[in-house]
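Student: First residue of the sequence shown: 156, per the numbering used here; consecutive thereafter.
For glycine and all other residues, C-beta sits at the position ideal for the given N, C-alpha and C.
Keep in mind the model is a prediction, meaning the values are calculated, not measured.
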Amino acid sequence: MSQHLAAIIPEKGGPLKIVHRPTPTPSPTELLIEVHSIACNPIDYYMRDHGFALTSYPAIPGSDISGIVVAAGSSVLAAAPKVGARVTAFAQAFFTHGDPDHGAFQKKVLVPASSVCPLPDGISFNEGAILPMAVQTSMAAWYTMGLARDTKLTSADKKGMLIWGGSSSIGGVGVQQASKMGYVVYATASPHHHDYVKKLGASKVFDYKDINVVDEIVKSAKEEGITINLAYDAAGALQPILDILKASKGDSVAKLATAVVMEPPTVEDIDVKFVFAPSDDAERDEWSQWLYGTWLKENLQTGEIIPSPSIRVVDGGLESANKALDQLKGGVSGVKLVLEV
Numbered sequence: 156m157s158q159h160l161a162a163i164i165p166e167k168g169g170p171l172k173i174v175h176r177p178t179p180t181p182s183p184t185e186l187l188i189e190v191h192s193i194a195c196n197p198i199d200y201y202m203r204d205h206g207f208a209l210t211s212y213p214a215i216p217g218s219d220i221s222g223i224v225v226a227a228g229s230s231v232l233a234a235a236p237k238v239g240a241r242v243t244a245f246a247q248a249f250f251t252h253g254d255p256d257h258g259a260f261q262k263k264v265l266v267p268a269s270s271v272c273p274l275p276d277g278i279s280f281n282e283g284a285i286l287p288m289a290v291q292t293s294m295a296a297w298y299t300m301g302l303a304r305d306t307k308l309t310s311a312d313k314k315g316m317l318i319w320g321g322s323s324s325i326g327g328v329g330v331q332q333a334s335k336m337g338y339v340v341y342a343t344a345s346p347h348h349h350d351y352v353k354k355l356g357a358s359k360v361f362d363y364k365d366i367n368v369v370d371e372i373v374k375s376a377k378e379e380g381i382t383i384n385l386a387y388d389a390a391g392a393l394q395p396i397l398d399i400l401k402a403s404k405g406d407s408v409a410k411l412a413t414a415v416v417m418e419p420p421t422v423e424d425i426d427v428k429f430v431f432a433p434s435d436d437a438e439r440d441e442w443s444q445w446l447y448g449t450w451l452k453e454n455l456q457t458g459e460i461i462p463s464p465s466i467r468v469v470d471g472g473l474e475s476a477n478k479a480l481d482q483l484k485g486g487v488s489g490v491k492l493v494l495e496v
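1. May I have the straight-line CA-CA distance separating Asp362 from Ile220, to the nearest angstrom?
2. Could you check which residue in Val368, Pro267 and Ala390 has the C-alpha nearest to that of Arg439?
3. In three-state DSSP terms, what is Tyr338?
4. From Ile163 to Ser475, what distance separates their C-alpha atoms?
5. What is the residue span of the alpha helix (DSSP H) that Val493 lies within?
6. Could you please give the first and the last residue of the uninterrupted alpha helix (DSSP H) stretch that includes Pro177?
7. Using the beta-carbon count (16 or more within 10 Å), is Asp317 buried or exposed?
8. When you compare each of Gly228, Pro179 and Asp199 to Ala479 by their alpha carbons, which one comes out closest?
9. With three or more beta-carbon pairs closer than 8 Å as the criterion, would you say the segment 234-249 touches the segment 211-225?
10. Closer than 7 Å by C-beta to His252: which residues in its own chain qualify, once you throw out the five before and the five after it? Chain order, please.
11. Using DSSP's beta-bridge definition, name the partner residues of Leu130.
12. Nearest to Ile173 by alpha carbon, out of Thr180, Pro165 and Pro179?
13. Apply the 10 Å Cβ neighbour rule to Ser434 and answer buried if 16 or more other Cβ atoms are within range, or exposed otherwise.
14. With DSSP run on the structure shown, which of helix, strand or coil describes Ile215?
15. Please return the same chain residues whose Cβ sits closer than 6 Å to the Cβ of Ala240, not counting the five positions on each side in sequence.
16. Taking Cβ to Cβ, would you say Lys314 is nearer than 9 Å to Tyr338?
17. What is the rounded straight-line gap between the Cα of Thr421 and the Cα of Ile399?
18. Count Cβ pairs between the segment 458-474 and the segment 278-297 that sit closer than 8 Å; are there 3 or more?
19. Determine the closest residue to Met336 out of Ser192, Asp305, Lys353 and Gly320, with distance taken between C-alpha atoms.
20. Where does Leu411 fall in DSSP's three states?
21. By how many angstroms is the C-alpha of Ala437 removed from the C-alpha of Ala344?
22. Give the secondary structure of Met417 by DSSP, where H, G and I count as helix, E and B as strand, and everything else as coil.
23. Can you tell me whether Ser192 is helix, strand or coil according to DSSP?
Below, the structure is given as structure tokens:
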């Protein structure tokens, strides 16, 4: 049996360990991806350090990959990327509780064909690797808030959306998605990221560290006649978001989807929920098929969605996985850490 290099979590709280493990065979609905790039996310070190979502060991964390399809299951749909295709894919470490065949931190990984998207020639493996978690989390926020897939507003609707953390990976894609749906996007970011977030589609960008940021956003929305009753928290700052929604939502019940706070508070006239993709397997598979096989595929081809933010490669390949996760845990701003394997 062939083998490949992998970074496993041998035990709870232990560092990732580099091992050789058997290369699995895809089930009827899976693709086997030869990984070229892996992007790091906070959930990866939560799994490593705290055993988050894991039920057994050894486990392999990781969600964001790009690479080449090297094998396909017997029942994969004809529309799925073929063997030899360059792809970006959402590895299922979270949904499989760290099952070693499905975590991103290895050279070959199994992924449901429904969670794989072909990469246009103009997008590199590194750029492709930073897309899946950001795209999936942001789109799950709209799902959580009950927004229709085909939402398309005009400037005359005066509908605003607040995105807190617009320069982050999930925030930046959220800005692009919300702008594409026609929302007037108000975002927050550090001042040196303001121009970048505006280029992604934000109407206005505010300094989240400004002590008057809540008043400034409320004032701006009022002056422009914008109703802000939707918000996406990509940075874990619920209170200022709640204050803005209370002042800017009008008579409606506002909705806030947070990708950071797992147990959000109960607030009168504001529906606060943790971002989550469909939990039912069949529904999630259909949703993923649409997201990766239609929406992302089309928007990458047209250039309407671009990989964001900027990329910082952590040298050393898979052997530097602990180093990369430690850097991420220590804090980064406006960049996505990537391993080239």
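Tutor: Working from what's here:
1. In the sequence shown, residue 362 corresponds to position 207, counting from 1. In the sequence shown, residue 220 corresponds to position 65, counting from 1. So the alpha carbons of these two residues sit roughly 32 Å apart.
2. The residue given as residue 439 occupies position 284 in the sequence shown. Selected option, being the one with the closest Cα: Pro267.
3. To locate residue 338, count along the sequence shown from 1; it is residue 183. Residue state, collapsed to three classes: coil.
4. Taking the first residue of the sequence shown as position 1, residue 163 is located at position 8. Taking the first residue of the sequence shown as position 1, residue 475 is located at position 320. Ile163 and Ser475 have their alpha carbons spaced roughly 13 Å apart.
5. Against the sequence shown, residue 493 aligns to sequence position 338. Segment Val490 to Glu495 is the beta strand (DSSP E) holding Val493; no alpha helix (DSSP H) there.
6. Taking the sequence shown and counting its residues from 1, one reaches residue 177 at position 22. It is not in any alpha helix (DSSP H) - Pro177 instead sits in the beta strand (DSSP E) that spans Lys172 to Pro177.
7. As a first step, residue 317 must be located in the sequence shown, where it is residue number 162. One detail in the question is off: residue 317 reads as Leu in this sequence, not Asp. Buried, by the Cβ-count rule.
8. Position 324 of the sequence shown, counted from the start, is the residue given in the question as residue 479. Looking at the Cα atoms, Asp199 is the closest of the given residues.
9. yes
10. By one-based count along the sequence shown, residue 252 stands at place 97. The residues are Ala208, Leu209 and Thr210.
11. In this structure the chain extends from 156 to 496, so residue 130 is not present and cannot be described.
12. Position 18 of the sequence shown, counted from the start, is the residue given in the question as residue 173. Closest option to Ile173, Cα to Cα, is Pro165.
13. Working through the sequence shown from its first residue, we reach residue 434 at position 279. Exposed is the call here.
14. Locating residue 215 in the sequence shown gives position 60, counting from the first residue. Assigned with DSSP and collapsed to three states, Ile215 falls in coil, not helix or strand.
15. Along the sequence shown, read from residue 1 onward, the residue named residue 240 stands at position 85. Val224 and Pro273.
16. The sequence position of residue 314 within the sequence shown is 159, counting from 1. The sequence position of residue 338 within the sequence shown is 183, counting from 1. Yes, the Cβ-Cβ distance between Lys314 and Tyr338 is below 9 Å.
17. Along the sequence shown, read from residue 1 onward, the residue named residue 421 stands at position 266. Along the sequence shown, read from residue 1 onward, the residue named residue 399 stands at position 244. So the two alpha carbons sit approximately 16 Å from each other.
18. yes
19. In the sequence shown, the residue the question calls residue 336 occupies position 181. The shortest Cα separation from Met336 among Ser192, Asp305, Lys353 and Gly320 belongs to Asp305.
20. Reading the sequence shown from its first residue, position 256 is the one you call residue 411. In this structure, Leu411 counts as strand in the three-state DSSP scheme.
21. As a working mapping, residue 344 is identified with position 189 in the sequence shown. As a working mapping, residue 437 is identified with position 282 in the sequence shown. Approximately 37 Å between the Cα atoms of the pair.
22. Within the sequence shown, numbered from 1, the residue matching residue 417 stands at position 262. If DSSP states are grouped into helix, strand and coil, Met417 belongs with coil.
23. Within the sequence shown, residue 192 is the residue found at index 37, counting from 1. In the three-state scheme derived from DSSP, where H, G and I count as helix and E and B as strand, Ser192 is classed as strand.
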